[in-house]
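Chains as they are written, first to last, in full-length UniProt numbering: chain C, 1 to 250; chain Y, 1 to 250.
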């Protein structure tokens, strides 16, 4: 039975899991769960993931959610996954767990809070919230600084001084990519000061091409559509503007 | 060279790691890092953990932080750790990763936000914030409901229907124990409705005795001291009241 991946490519952890499967030649069926249409809240999807979040997988009779846990599981059970994604070496593996744990309450918390409250909220039925956006940006900027000074310390092109990417690189870069939908000036202000981060994003893109670009294409489409809608008179990112951008994304 | 565990027993993930070592007979030296005295922000500790958080470990020349990553590492490298703490079975292991990942943005996020903003903040140099406390409580209560309906579904005494505890039980229960320092009426209001959670906390305590009680004794001391200070005229949990309770905790 083929592995099923329940995902919305507008969700950053969904993209990480899809890219991981594609680059490792894991056969899977992608089941689209459109968050902007609230498909993650249907009783059918609740049977797959009672937490009502994407991504989730079904492998035979085994169900699993949480993107880090999913990638670790896939690295274990699919023999084609190269060691660098989730190394057998215990100390390397432990450090990857450490990055991934840190990710939850730092980069992910900051970036998701910022993007939701500065840009995407209205499309998901929540008002924009400048105060929450500012708090998110603070955590995001501190996290980017820590990525540079701690995780990207040394000469390796990837996190933890590695020469090849791991599931941690993929998770964290997919998170930062979500900033593509944000106003360009704001994105440059936030990412601009972090040259090592920018280089690392590029290195991760290059190491996972062509899948990285293909899986992110929906994000770029939404970005372009938002730009057009805004320059065409809809100066504010209103609920209907965003919803129309999201609903027509595929 | 003995394993060093840098910890503050007032920190819930620190307690999880200490109890894990003790119950598994792992020899270690506990190095106290007193958060209320800002010892986690010294240059010496920054050498151990550049993120300035406890717990952290040093095993020979290997340094690691993030409590989940630490317990997984210890389960790998210390042969005395019983399988149920971090099962070799891939699907069981994957589900434990899923619980631990979920923990970060749900139970831990909610409980830590609530306790900090309702009670402990002033002792750590932050004012109380009733609005943030209310937001934390909402996430905490939703998380407790999910623990009951999802993770404690079935007949097992522990998470995921297990008959013996895993590192996920230990992490989550230590988090909930932090509510001991909160006003009794508030704690009962929050925990009271979740009978299955209360039973599971008790089962986890019983499975890890006497270490669970011993490692949590500092929390109970702070709780008693706070009660006495409050009933003795200091009606508000002022900065000095809390600081004195924390500083004299050992």
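Glycine included, each C-beta is placed from N, C-alpha and C at the ideal position.
DSSP state of residue i mapped onto helix, strand, coil
i: residue 73(Y); result: helix
i: residue 19(Y); result: helix
i: residue 66(Y); result: coil
i: residue 227(Y); result: helix
i: residue 34(C); result: coil
i: residue 250(Y); result: Residue confidence for residue 250(Y) is low, a pLDDT of 41 falling below 50, so the modelled location carries little weight; the figure read from the coordinates is stated next. Correct three-state label for residue 250(Y): coil.
i: residue 81(Y); result: coil
i: residue 58(C); result: strand
i: residue 6(Y); result: strand
i: residue 27(C); result: coil
i: residue 14(C); result: helix
i: residue 124(Y); result: helix
i: residue 42(C); result: coil
i: residue 164(C); result: coil
i: residue 177(C); result: helix
i: residue 193(Y); result: coil
i: residue 1(Y); result: coil
i: residue 110(C); result: helix
i: residue 209(C); result: coil
i: residue 157(C); result: coil
i: residue 182(C); result: coil
Anticipated Cβ contact below 8 Å, residue i with residue j, distance rounded
i: residue 51(Y); j: residue 102(C); result: 7 Å
i: residue 55(Y); j: residue 114(Y); result: The pair is not a contact, with the Cβ atoms about 21 Å apart (cut-off 8 Å).
i: residue 34(Y); j: residue 8(Y); result: 6 Å
i: residue 31(Y); j: residue 53(Y); result: Actually they are not in contact, since the Cβ atoms of residue 31(Y) and residue 53(Y) sit about 14 Å apart, beyond 8 Å.
i: residue 186(C); j: residue 118(C); result: 7 Å
i: residue 177(Y); j: residue 128(Y); result: Their Cβ separation, rounded to whole angstroms, is 21 Å, which puts residue 177(Y) and residue 128(Y) out of contact at 8 Å.
Under 8 Å by beta carbon: chain A residues contacting residue i
i: residue 72(Y); result: No chain A appears in this structure, whose protein chains are C and Y.
Rounded straight-line distance, which links the Cα of residue j to that of residue i
i: residue 105(C); j: residue 136(C); result: 11 Å
i: residue 198(C); j: residue 145(C); result: 12 Å
i: residue 80(Y); j: residue 148(Y); result: 31 Å
i: residue 180(Y); j: residue 18(C); result: 42 Å
i: residue 333(C); j: residue 116(Y); result: An answer regarding residue 333(C) cannot be provided, because it is not within the stretch 1 to 250 covered by chain C.
i: residue 151(Y); j: residue 168(Y); result: 10 Å
i: residue 215(C); j: residue 29(C); result: 14 Å
i: residue 78(Y); j: residue 221(C); result: 50 Å
i: residue 21(Y); j: residue 20(C); result: 34 Å
i: residue 11(C); j: residue 91(Y); result: 25 Å
i: residue 45(C); j: residue 63(C); result: 12 Å
i: residue 23(C); j: residue 217(Y); result: 50 Å
i: residue 208(C); j: residue 139(Y); result: 36 Å
i: residue 202(Y); j: residue 40(C); result: 34 Å
i: residue 173(Y); j: residue 141(Y); result: 14 Å
i: residue 2(Y); j: residue 66(Y); result: 19 Å
i: residue 111(Y); j: residue 204(C); result: 35 Å
i: residue 130(Y); j: residue 171(C); result: 34 Å
i: residue 126(C); j: residue 107(C); result: 22 Å
i: residue 318(C); j: residue 165(C); result: With chain C running from 1 to 250 in the structure shown, residue 318(C) is simply not present.
i: residue 192(Y); j: residue 83(C); result: 47 Å
i: residue 250(C); j: residue 109(C); result: Only weak support is given to the placement of residue 250(C): the predicted model assigns it a pLDDT of 40, under 50, and the value that follows is read from those uncertain coordinates. Distance between the alpha carbons of residue 250(C) and residue 109(C): 27 Å.
i: residue 175(C); j: residue 153(Y); result: 32 Å
i: residue 188(Y); j: residue 88(Y); result: 38 Å
i: residue 163(C); j: residue 132(Y); result: 42 Å
i: residue 76(C); j: residue 36(C); result: 33 Å
Discussion item. Between the region 152-168 of chain C and the region 118-125 of chain C, can you find at least three pairs of beta-carbon atoms closer than 8 Å?
Written reply: Contact check between the region 118-125 of chain C and the region 152-168 of chain C: fewer than three CB pairs, one atom from each, fall below 8 Å, which does not count as touching.
Worksheet item: Using 8 Å as the Cβ pair cut-off and three pairs as the minimum, do the region 89-108 of chain C and the region 58-77 of chain Y touch?
Response: yes
Worksheet entry | the region 54-71 of chain Y: positions lying closer than 7 Å to chain C by Cβ | 62, 64, 65, 66, 68, 69
Discussion item. Taking 8 Å as the cut-off, does the region 211-228 of chain C touch the region 12-29 of chain Y (at least 3 CB pairs, one atom from each stretch)?
Written reply: Contact between the region 12-29 of chain Y and the region 211-228 of chain C is absent, because fewer than three Cβ pairs lie under 8 Å.
Worksheet entry | Interface residues of the region 194-210 of chain C facing chain Y [CB-CB below 7 Å] | none
Worksheet item: Given a limit of 8 Å on CB to CB distance, which residues of the region 126-159 of chain Y reach chain C?
Response: 146, 149, 150
Fill in: Interfacial residues, the region 213-233 of chain C to chain Y, with Cβ spacing under 8 Å
none
Practice prompt. May I ask you to list, following chain order, the residues of the region 17-42 of chain Y that have a beta carbon less than 9 Å from some beta carbon of chain C?
Written response: For the region 17-42 of chain Y, which is checked against every Cβ of chain C, not one residue is closer than 9 Å.
Discussion item. Can you pull out the residues from the region 81-92 of chain Y whose beta carbon lies closer than 8 Å to at least one beta carbon of chain C?
Written reply: 90, 91
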